[in-house]
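If you read the protein sequences in the order shown, they are chains E and X. Residues 1298 to 1728 (this note's numbering) are what the first sequence spells out, left to right. Residues 1298 to 1728 (this note's numbering) are what the second sequence spells out, left to right. To keep things clear, I will list the structure first and then write my remarks on it.
There are 2 protein chains.
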Amino acid sequence: MRVVIWGQLSQTERKLVLARSQASDDEALIRQVKEIIANVRQNGDKALLEYAAKFDGAKLDCLLVSEDEYKAIESLSNDEKQAILTAIDNIRHYHNISCPKSFEFERNGAKLGKLYRPIEKVGLYIPGGTAPLVSTLLMLAIPATIAGCETKVLVTPPGKNGLVNPAILFAAKACGIDAIYKAGGAQAVAALAFGTESIPKVYKIFGPGNKYVTEAKIQVSQTHNGAALDMPAGPSEVLVIADDKANPVFVASDLLAQAEHDVAAQVILLTTSTELANKVHQEVERQTAYLSRKEIIKQSLAKSAVIIAKDLAEAFVISNQYAPEHLILQIANAEDYLPQVINAGSVFVGEWTPESVGDYASGTNHVLPTYGYAQMYSGLDVIAFMKAISFQNLSASGIKTLGPVVETLADLEGLDAHKNAVTVRLQHLNS
Amino acid sequence: MRVVIWGQLSQTERKLVLARSQASDDEALIRQVKEIIANVRQNGDKALLEYAAKFDGAKLDCLLVSEDEYKAIESLSNDEKQAILTAIDNIRHYHNISCPKSFEFERNGAKLGKLYRPIEKVGLYIPGGTAPLVSTLLMLAIPATIAGCETKVLVTPPGKNGLVNPAILFAAKACGIDAIYKAGGAQAVAALAFGTESIPKVYKIFGPGNKYVTEAKIQVSQTHNGAALDMPAGPSEVLVIADDKANPVFVASDLLAQAEHDVAAQVILLTTSTELANKVHQEVERQTAYLSRKEIIKQSLAKSAVIIAKDLAEAFVISNQYAPEHLILQIANAEDYLPQVINAGSVFVGEWTPESVGDYASGTNHVLPTYGYAQMYSGLDVIAFMKAISFQNLSASGIKTLGPVVETLADLEGLDAHKNAVTVRLQHLNS
């Protein structure tokens, strides 16, 4: 990790230190995803079964996970089941509180309000790969259930054996997801957006994925009658603000937890103490030695930075400018600094709050804006599975009061049919 | 308006009746917008001044509206000023209530919460054209101000005389917008997304516009370090549900208010009464005769439909399938039917609530999801000008309780650096 002193950098150098790697337009990827989507729209399940064989190495007869396959849940230990259930309980608690509430009020002869309604059909994408991303399932399925989405379609790529990991099956059952389909990649996104014989069409698609999934989500979101996407995606990232009292062992472990995600993961340590920076550096080396994903860690750390700030005020300016997905505060009286956080996905406050607790089980959602999007996007929450409908109901006296105002404004905008809709009513009331 | 009886239509015919016109990829438009954006990024204000001459026919020395120009406000009548102020008061009242609230709670040794923060820099686009869209300004500026956005950059195309309409200037002042820049079209969007010498860069761009504006918003939202957009855009639309007791004069006036917007506007009357449909048809002809925008009205009505439903239950199924931007309920005991509304942008309840009241002054926001997007998007509101940041703060006892759960889940996902971040803390506490 290279070390820079913020005060000694030019404006351009500062921008470079905080810059994310820019994704280049990958024409081949765009074309390939386009072809996959077209094929799924044309051939439905048949295309999905062929892609499962080609990309997942899985020979499937049927996309839907059968009742029989759920027996695999028995292979989980009690500890594993209990950990999943505790995480569900905490995530449910937080998201229940976070659920938006409809309201109505009366004023000047008008009743007005806002109604929150679930999005009727949602798609949940759970990536496959070497390990089952149980936590991602919880982070999507729980808010979808609290929102009250009627149709929740879960897709996940099968393993080579054609099966879905038992932990995913257990978590899905526990979250009230009834139907799991074995499909991954761009083809799964296409199936969710347009439907196939077995997979129902949905209105919005949630969940992370590789570059094919991300590109497919963008393409279907721009297609007439396709499906909206949850938020734009980029590599995961952490920024740790630490002062001279921070424990270098904890700081290093937090940087490493981020670095193991992906070689593209971004890791920044922002500290007021050069001494701490040195100690963290040593700790990173010591801990990396015993971690299994050390090759990934080394590559992501190679691109990462340690920034020395002159004080915490400067540190928060830098952090807000970067707008990190995860912000960890390992500083004295950390909670007092929350008001200074303007741009971040989720904040981990104080020495006993590693990012991992939020990733899995504290209760907050771990699907967060990356890539600087925390400037204007929120992390996932129940509201993302709902939409708001406003309403107004005027009484006769209400239109008498408000009508002339509307007539004047419609006149100003030159829209006389807008005005007329009020005028015919006022005439009726005055006749 | 053609009349169809829902019960006699095939599935395909039903889809066709409710289908929106599909926008075709306009390669020339996409290329032209790309060039405009590149030019503005390269040449800044100079490009904007050239485009103002070329597209708006306005010779400008300076993009910012000068203090002197605000004197034009004096040309407004007291009625006009008062109407704008009343609308502001109502819109502010509704949006204040609608503003999301931060929360926090404690549980199992953890304090968790959610902080709402304004998006720091937002761009507000007010279209130009023959009439000043004062109401659009109110619908963007008021929630931006309630959210607390620090930098609110308002752009609007100048008239041929190089000036901005006095009503826009008055409304902007009254809403607390200090800086108005004379720029329109794709070039204004480019300036907001990337900044120029005089126009500050913003993080998110709000407001309707023509096809160049819409395409530019899409392009900058997909560009690294560009700007997010408010919501996807399509032609405006209304669906009126009316029973046999509805007043045909009112129903016709509501259909016409929508039809005058644009030749692409969509108008649907959904009724349980053939007799009412006939009366509305006559009223549409009678009222059209005295309206000024009759040529636009005739063209948009030509594509519109009257659907006869067998009962109100069927009508609501059809309406929810269509997911109208504006839904008008002219039925007995209209408010009792609100629970049946699943997909709509805003609902106008009962005979005294024409759409125009919501367009201008009832208090709800008139920037609403079109084109079926009400299935998964909300209308504009304060929350669109904010983002939520979650936080968690565990005590030592909190990590002791939750830590083992996180370790188990990290193990399941094969992420041992995630586990390690907990383990080093538990070791510290147990040592």
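Backbone N, C-alpha and C define an ideal beta-carbon position, used for all residues, glycine too. On a predicted model such as this, the values are computed, not experimentally measured, just so you know.
Among the options, the one whose alpha carbon lies nearest that of residue i
i, options, result
"X:Leu1665", "X:Ser1533, X:Leu1409, X:Pro1497, X:Val1702", "X:Ser1533"
"X:Lys1411", "E:Val1703, E:Ile1696, E:Phe1645", "E:Phe1645"
"E:Leu1382", "E:Ser1495, E:Met1436, E:Ser1692", "E:Met1436"
"E:Ala1539", "E:Ala1561, E:Ala1574, E:Ala1525", "E:Ala1574"
"X:Gly1304", "X:Ala1549, X:Gln1689, X:Ala1612, X:Ala1685", "X:Ala1612"
"X:Ser1495", "X:Gly1695, X:Ala1658, X:Ala1599, X:Gly1341", "X:Gly1341"
"X:Glu1622", "X:Asp1633, X:Asn1662, X:Val1603", "X:Asn1662"
"X:Gly1660", "E:Thr1720, E:Gly1660, E:Leu1699", "E:Leu1699"
"X:Ile1474", "X:Lys1508, X:Leu1434, X:Asn1458, X:Gly1504", "X:Leu1434"
"E:Ser1321", "E:Lys1508, E:Gly1482, E:Gly1492, E:Ser1374", "E:Lys1508"
Cutoff 7 Å: residue i Cβ touching any chain X Cβ
i, result
"E:Gln1618", "no"
"E:Arg1389", "no"
"E:Phe1688", "yes"
"E:His1392", "no"
"E:Ser1533", "no"
"E:His1521", "yes"
"E:Asn1717", "yes"
"E:Val1537", "no"
"E:Ala1335", "no"
"E:Ala1586", "no"
"E:Glu1710", "yes"
"E:Gln1563", "no"
"E:Gln1319", "yes"
"E:Ala1513", "no"
"E:Ala1490", "no"
Interface flag, residue i vs chain E, CB-CB below 7 Å
i, result
"X:Met1673", "yes"
"X:Asp1527", "no"
"X:Val1703", "yes"
"X:Val1560", "no"
"X:Lys1351", "no"
"X:Gly1354", "no"
"X:Leu1723", "no"
"X:Val1431", "yes"
"X:Thr1493", "no"
"X:Leu1691", "yes"
"X:Val1546", "yes"
"X:Leu1706", "yes"
"X:Lys1542", "no"
"X:Thr1571", "no"
"X:Thr1667", "no"
"X:Ile1696", "yes"
Residue(s) in a DSSP beta bridge with residue i
i, result
"E:Gly1695", "Answer is none; E:Gly1695 lacks a bridge partner."
"X:Phe1688", "E:Val1644, X:Gly1410"
"X:Met1683", "X:Pro1415"
"E:Lys1403", "It is Glu, not Lys, that sits at residue 1403 of chain E in the sequence shown. DSSP output for E:Glu1403 lists E:Lys1408 as bridge partner(s)."
"X:Ile1502", "X:Gly1420, X:Leu1526"
"X:His1623", "X:Val1535, X:Ser1643"
"X:Val1452", "X:Tyr1422, X:Tyr1478"
"X:Gln1563", "X:Glu1534"
"X:Leu1361", "X:Tyr1478"
Next item on the list: Determine, using beta-carbon pairs with one atom in the region 1703–1717 of chain E and one in the region 1647–1663 of chain X, whether at least three such pairs fall under 8 Å.
Entry: yes
Note to self: Is it the case that the region 1339–1356 of chain X contacts the region 1439–1447 of chain X, given that we only count it when at least three CB pairs across the two stretches are under 8 Å?
What the structure shows: no
Next item on the list: Take every Cβ of the region 1413–1423 of chain E, pair it with every Cβ of the region 1481–1501 of chain E, and state whether three or more of those distances are shorter than 8 Å.
Entry: yes
Check: Listed in chain order, which residues of the region 1495–1509 of chain X have Cβ atoms closer than 7 Å to some Cβ of chain E?
Finding: Tyr1500, Lys1501
Margin query: Tell me which residues of the region 1402–1417 of chain X have at least one Cβ-Cβ distance to chain E shorter than 8 Å, keeping chain order.
Written below: Phe1402, Arg1404, Asn1405, Ala1407, Lys1408, Leu1409, Lys1411, Leu1412, Arg1414, Ile1416, Glu1417
Checklist line | Interface residues of the region 1645–1661 of chain X facing chain E [CB-CB below 9 Å] | finding: Phe1645, Val1646, Gly1647, Glu1648, Trp1649, Thr1650, Pro1651, Glu1652, Ser1653, Val1654, Gly1655, Asp1656, Tyr1657, Ala1658, Ser1659, Gly1660, Thr1661
Notebook entry, point to check: Just by C-beta distance, which residues in the region 1472–1485 of chain E are closer than 9 Å to chain X?
Noted result: none
Next item on the list: Count the CB pairs spanning the region 1514–1522 of chain E and the region 1543–1551 of chain E that are closer than 8 Å, and state whether there are at least three.
Entry: no
Margin query: Please identify, using Cβ separations under 7 Å, the residues of the region 1437–1466 of chain X that lie next to chain E, in order along the chain.
Written below: Ala1464
Checklist line | Touching by the beta-carbon criterion (3+ pairs, under 8 Å), the region 1549–1557 of chain X and the region 1579–1597 of chain X | finding: yes
Checklist line | the region 1386–1397 of chain E contacting the region 1505–1514 of chain E, beta-carbon criterion three pairs below 8 Å | finding: no
Margin query: Would you call the region 1402–1411 of chain E in contact with the region 1355–1364 of chain E, where contact means no fewer than 3 C-beta pairs closer than 8 Å?
Written below: no
Next item on the list: With 8 Å as the C-beta to C-beta threshold (strictly closer), list the residues of the region 1618–1642 of chain X near chain B in chain order.
Entry: The structure shown contains no chain B; its protein chains are E and X.
Check: Within the chosen definition, does the region 1450–1465 of chain X reach the region 1474–1489 of chain X through at least 3 CB pairs nearer than 8 Å?
Finding: yes
Checklist line | Contact between the region 1556–1576 of chain X and the region 1584–1594 of chain X (3+ Cβ pairs under 8 Å) | finding: yes
Next item on the list: Decide yes or no for the touch test of the region 1680–1693 of chain E against the region 1670–1680 of chain X: beta carbon pairs closer than 8 Å, at least 3 of them.
Entry: yes
Next item on the list: May I ask you to verify whether the region 1463–1481 of chain E touches the region 1362–1380 of chain E, counting CB pairs closer than 8 Å and requiring at least 3?
Entry: yes
Notebook entry, point to check: Which residues, in chain order, does the region 1377–1388 of chain X contribute to contact with chain E at a C-beta distance below 9 Å?
Noted result: Glu1377, Gln1379, Ala1380, Ile1381, Thr1383, Ala1384, Asn1387
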